[in-house]
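Residue 90 in the numbering used here sits at position 84 of the sequence shown, and the numbers go up by one each step. We put the beta carbon where it would ideally sit given N, CA and C, even for glycine. Only a predicted model underlies this, so the values are computations on that prediction, with no experimental measurement involved. Take a look at the structure below.
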Amino acid sequence: MTAFVILAAGRARRYGGVKPLAPIGPNDEAVIDLLAGDAVRAGFDRLVLVINPDTGNLIRNHVTSAWPSSVEVSYAVQRRPIGTVDAVLAARDDADDEHAFAVANADDLYGVDALSVLATHLRAHGTNSLVGFRLDRALVGDLGVTRGVCEVADGRLVSIVERRDVRQDGGAFLSDDGLEPKELDASALVSMNLWGFDPRMWQVFADAMDMSSDAHEDNEVLLPELVSRVVQGLRGDEALRSVNVLATTSRCIGVTHPDDLALVKADIAAQIAAGERPLEAFPA
């Protein structure tokens with residue numbers, strides 16, 4: 007069994023609503039509907055939704071009414087907004103400790119091809135992995151966003167550098183965060199928080215939270231930062247330090263700002279018209 011953990015507990019300050027429920031499909035299907043349908047098509051056996059106490063019931067009610075009963079889904083609650091490591095850890099009992107598992111954002115669409123590459127890798131190898139998207143395939147609109155630029159050597163992750171206020175300006179990709187280089191390579195691989203994990207990482211996550219007793223909303227324990235420390239040998243054992251980067255040319259689109267909604271809807275409509283995405287969210 008390969009679990010697909012969907013992080014749907016975010017507060018979405020910039021969006022101002024429940025982003026996983028943003029209507030983007032041809033019949034106003036939500037982001038989370040299309041994401042879940044893609045995950046099922048890619049071969050993930052069951053879905054674990056990590057929700058928060060405030061908006062969790064909205065998501066539960068939506069899933070109950072919109073998803074077919076054949077989709078195996080469970081819920082885990084992140085009690086406090088203290089970061090993505092804690093959010094993943096909330097899913098431990100539902101994902102189980104014996105098998106490799108995947109983690110994804112609830113407000114991004116990664117495409118069936120990218121999810122299939124990850125599912126295949128986890129079934130075959132069960133090792134830590136990150137799906138890397140080209141920067142020019144991972145932006146929507148012209149408003150600034152944060153992207154984790156990956157340094158990769160021999161197919162393995164070396165580091166992730168969080169670049170802020172990344173935007174497209176004409177044919178250039180720029181970051182106005184004060185770091186260099188200001189202009190980023192369009193083909194640079196970036197992390198969109200689509201991960202695969204060896205089950206031994208559960209203990210790494212638990213240890214990280216035990217050591218972060220002062221974690222709070224403004225001092226979150228974040229998944230990319232923890233993985234970077236694992237890669238550097240600062241957390242976990244040597245067997246976990248190798249993180250495979252699974253490069254994909256798939257397009258990753260998501261809702262960050264309210265203005266993104268119309269753009270994403272148009273993108274989804276174009277994918278359907280081109281035969282790249284089925285009309286229905288879930289496979290028949």
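Just the Cα atoms here: how many angstroms apart are residue i and residue j?
{"i": "K25", "j": "V37", "result": "8 Å"}
{"i": "L121", "j": "L55", "result": "17 Å"}
{"i": "A108", "j": "A14", "result": "14 Å"}
{"i": "I30", "j": "D39", "result": "10 Å"}
{"i": "T255", "j": "L200", "result": "14 Å"}
{"i": "Y5", "j": "E104", "result": "Within the shown structure, residues of the chain are numbered from 7 to 290, placing residue 5 beyond reach of any answer."}
{"i": "A42", "j": "G49", "result": "11 Å"}
{"i": "P187", "j": "M217", "result": "34 Å"}
{"i": "A101", "j": "P32", "result": "31 Å"}
{"i": "I278", "j": "A290", "result": "16 Å"}
{"i": "V236", "j": "S219", "result": "19 Å"}
{"i": "V77", "j": "V46", "result": "8 Å"}
{"i": "A110", "j": "G281", "result": "24 Å"}
{"i": "W73", "j": "E35", "result": "10 Å"}
{"i": "E244", "j": "R283", "result": "40 Å"}
{"i": "I57", "j": "R206", "result": "23 Å"}
{"i": "S75", "j": "L285", "result": "19 Å"}
{"i": "G132", "j": "V210", "result": "16 Å"}
{"i": "A221", "j": "A130", "result": "36 Å"}
Of all the options the options, which has the alpha carbon lying nearest to the alpha carbon of residue i?
{"i": "L191", "options": "G154, V69 and D114", "result": "The sequence as given places Asp at residue 191; Leu does not occur at that position. When only C-alpha atoms are compared, the closest one is G154."}
{"i": "T90", "options": "S71, V172 and E223", "result": "E223"}
{"i": "G62", "options": "R17, D119, A272 and D142", "result": "R17"}
{"i": "F288", "options": "L64, R173, A106 and V69", "result": "V69"}
{"i": "L6", "options": "R257, S75 and M215", "result": "Nothing about residue 6 can be read from this structure; the chain reaches only from 7 to 290."}
{"i": "V227", "options": "A97, D142, S71 and A93", "result": "A93"}
{"i": "P87", "options": "D34, W73 and D60", "result": "D60"}
{"i": "G176", "options": "A221, D213, D142 and H263", "result": "D142"}
{"i": "P264", "options": "G23, D44 and A144", "result": "G23"}
Taking the Cβ atom as the reference point for each residue, do residue i and residue j lie within a distance shorter than 7 Å?
{"i": "N134", "j": "D51", "result": "no"}
{"i": "S234", "j": "L136", "result": "no"}
{"i": "G138", "j": "V251", "result": "yes"}
{"i": "S181", "j": "R140", "result": "no"}
{"i": "A253", "j": "L195", "result": "yes"}
{"i": "L128", "j": "G202", "result": "yes"}
{"i": "L53", "j": "V83", "result": "no"}
{"i": "R170", "j": "T152", "result": "yes"}
{"i": "G321", "j": "R247", "result": "Outside the displayed span of the chain (7 to 290) sits residue 321, for which this structure offers no information."}
{"i": "L269", "j": "G147", "result": "yes"}
{"i": "I12", "j": "A112", "result": "yes"}
{"i": "W208", "j": "R98", "result": "yes"}
Leaving aside the five residues before and after residue i along the sequence, list all residues of the same chain whose C-beta is less than 6 Å from its C-beta, in chain order.
{"i": "V164", "result": "E157"}
{"i": "K271", "result": "I30"}
{"i": "L229", "result": "T90 and V91"}
{"i": "R178", "result": "For the sequence presented, residue 178 should be read as Ala rather than Arg. The answer, listed in chain order, is E189."}
{"i": "I166", "result": "G154, C156, S197, P230 and S234"}
Can you give the beta carbon distance from residue i to residue j, rounded, assuming they're within the 8 Å contact cut?
{"i": "L27", "j": "I65", "result": "7 Å"}
{"i": "G117", "j": "R257", "result": "6 Å"}
Any beta carbon of chain B sitting closer than 7 Å to that of residue i?
{"i": "A221", "result": "Given the protein chain composition of this structure (a single chain), no chain B is represented."}
Tell me whether residue i counts as near the ligand NAP, meaning its Cβ is closer than 6 Å to at least one heavy atom of that ligand.
{"i": "R129", "result": "Ligands in the displayed structure: none, and consequently the ligand NAP is not present."}
Between which residues of its own chain and residue i is the CB-CB distance below 8 Å, once the five residues before and five after are set aside?
{"i": "A275", "result": "P32"}
Short of 7 Å in beta carbon distance, which residues of its chain neighbour residue i, apart from the five on each side in sequence? Order them along the chain.
{"i": "R162", "result": "S248, V249, N250 and V251"}
{"i": "V123", "result": "V137, L252 and T254"}
{"i": "D183", "result": "R169, R170 and D171"}
{"i": "A144", "result": "R153, V196, M198 and C258"}
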